[in-house]
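First the structure, in the form of structure tokens, and then the observations on it.
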Amino acid sequence: MEHDGSVVIATDLTRRYGEGDTAVDALRGVSVDIAPQRMTAVMGPSGSGKSTLMHILAGLDRPTTGAVSIAGTEITTLGDNELTKLRRQHIGFVFQFFNLLPMLTARENIVLPLRIAGETPDELWFDELIANVGLTDRLSHRPAELSGGQQQRVAIARALVSRPTVLFADEPTGNLDSSTGAEILELMRRSVDDLGQTIVMVTHEARAAAMADHVLFLADGRIVREVGHVDQHEILKIVDELDVG
Ligand code: ADP
Numbered sequence: 556m557e558h559d560g561s562v563v564i565a566t567d568l569t570r571r572y573g574e575g576d577t578a579v580d581a582l583r584g585v586s587v588d589i590a591p592q593r594m595t596a597v598m599g600p601s602g603s604g605k606s607t608l609m610h611i612l613a614g615l616d617r618p619t620t621g622a623v624s625i626a627g628t629e630i631t632t633l634g635d636n637e638l639t640k641l642r643r644q645h646i647g648f649v650f651q652f653f654n655l656l657p658m659l660t661a662r663e664n665i666v667l668p669l670r671i672a673g674e675t676p677d678e679l680w681f682d683e684l685i686a687n688v689g690l691t692d693r694l695s696h697r698p699a700e701l702s703g704g705q706q707q708r709v710a711i712a713r714a715l716v717s718r719p720t721v722l723f724a725d726e727p728t729g730n731l732d733s734s735t736g737a738e739i740l741e742l743m744r745r746s747v748d749d750l751g752q753t754i755v756m757v758t759h760e761a762r763a764a765a766m767a768d769h770v771l772f773l774a775d776g777r778i779v780r781e782v783g784h785v786d787q788h789e790i791l792k793i794v795d796e797l798d799v800g
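Going from the sequence shown to this note's numbering is simple: count from 1 and add 555.
Shown next, in the form of structure tokens:
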């Protein structure tokens, strides 16, 4: 959040899974430049390389060739321990299926990454964040006692509690009904507008991409189109034109 320039820069990424005849080229030369305090959406058909790209940008996977820098640090040459440390400091991740620990309360889930890092949450920030995500009266509940939308709010709070430089969200509304999904999108949008959060979100929903400031379209491991903020109608038109829906 404190960086003026790009927060994530990827150059000429390729990612090959497997070898020989059965090798799959999931990314075939992708360069991206993620601007701070903006929401970037990544769209594309199933198998186009969206998850692979996200995982590489977040330091969860390494490219076959190419470079990634996060907050000014080149990560592709870091050792595992250094990479883990950098991820803890700079990266938040939200998944489609929430990935909460069932035996922990909402509060315990949210502060777990800090506890693992041996840190205590900043109480003022914690309270502001919890009010912002609307969980103040749900903190002592376990995931099974929360709705899907509330569980995703917990996951978002968990990702934001360490004030990451960038939040990656992989289909964050993919497992939610339409109106709950809309609430989660609003929440993510607010975290950009009010808290200055940087977000990169993979989505196949036009209405989600229409809330972004920047949209990348992937097809067959390449970026085939990039646009700034456009409405849902325009997103659908592009998806149609590119045949990447
Ligand atoms: P998307 O997120 O757009 O659906 P992915 O990044 O998951 O696309 O996958 C891109 C391509 O790489 C697909 O052809 C997929 O089958 C392949 N792929 C993804 N993960 C693996 C893996 N671990 N091993 C082999 N192939 C993989």
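Where a beta carbon is used, it is the ideal one built from N, C-alpha and C, also for glycine.
Around the C-beta of residue i, are 16 or more other C-beta atoms found within 10 angstroms, so that it is buried, or is it exposed?
i: residue 679; result: exposed
i: residue 708; result: buried
i: residue 670; result: exposed
i: residue 748; result: exposed
i: residue 714; result: buried
i: residue 753; result: buried
i: residue 645; result: buried
i: residue 557; result: Only weak support is given to the placement of residue 557: the predicted model assigns it a pLDDT of 45, under 50, and the question is left unresolved by the model.
i: residue 725; result: buried
i: residue 798; result: exposed
Secondary structure at residue i, three-state DSSP: helix, strand or coil?
i: residue 788; result: helix
i: residue 760; result: coil
i: residue 594; result: strand
i: residue 770; result: strand
i: residue 748; result: helix
i: residue 622; result: strand
i: residue 569; result: strand
i: residue 681; result: helix
i: residue 717; result: coil
i: residue 581; result: strand
i: residue 732; result: coil
i: residue 647; result: strand
i: residue 613; result: coil
i: residue 700; result: helix
Given residue i, which residues of its chain have a CB within under 7 Å of its CB, disregarding the five upstream and five downstream residues?
i: residue 764; result: 596, 598, 758, 770, 790
i: residue 706; result: 653, 655, 698
i: residue 783; result: 768, 769
Check whether the Cβ of residue i lies closer than 6 Å to any heavy atom of the ligand ADP, and answer yes or no.
i: residue 607; result: yes
i: residue 584; result: no
i: residue 623; result: no
i: residue 763; result: no
i: residue 596; result: no
i: residue 565; result: no
i: residue 579; result: yes
Might you give, ordered along the chain, the residues of its own chain that have their beta carbon closer than 8 Å to the beta carbon of residue i, omitting 5 neighbours on each side?
i: residue 702; result: 735
i: residue 658; result: 697
Are the C-beta atoms of residue i and some chain C residue less than 7 Å apart?
i: residue 709; result: Of the protein chains in this structure there is only one, and it is not chain C.
Apart from the five residues just before and just after residue i, which ones in its own chain have a Cβ nearer than 6 Å to its Cβ?
i: residue 761; result: 787, 790, 791
i: residue 616; result: 610
Next on the checklist: Three Cβ pairs or more, each shorter than 8 Å: is that satisfied between the stretch 578 to 593 and the stretch 629 to 643?
Outcome noted: Result no; under three Cβ-Cβ pairs closer than 8 Å.
Next on the checklist: Would you call the stretch 686 to 697 in contact with the stretch 721 to 731, where contact means no fewer than 3 C-beta pairs closer than 8 Å?
Outcome noted: Flag = no, the stretch 686 to 697 and the stretch 721 to 731 do not touch.
Checklist entry - How do the stretch 567 to 574 and the stretch 603 to 613 stand: do at least 3 beta-carbon pairs fall below 8 Å, yes or no? => result Yes, the stretch 567 to 574 touches the stretch 603 to 613.
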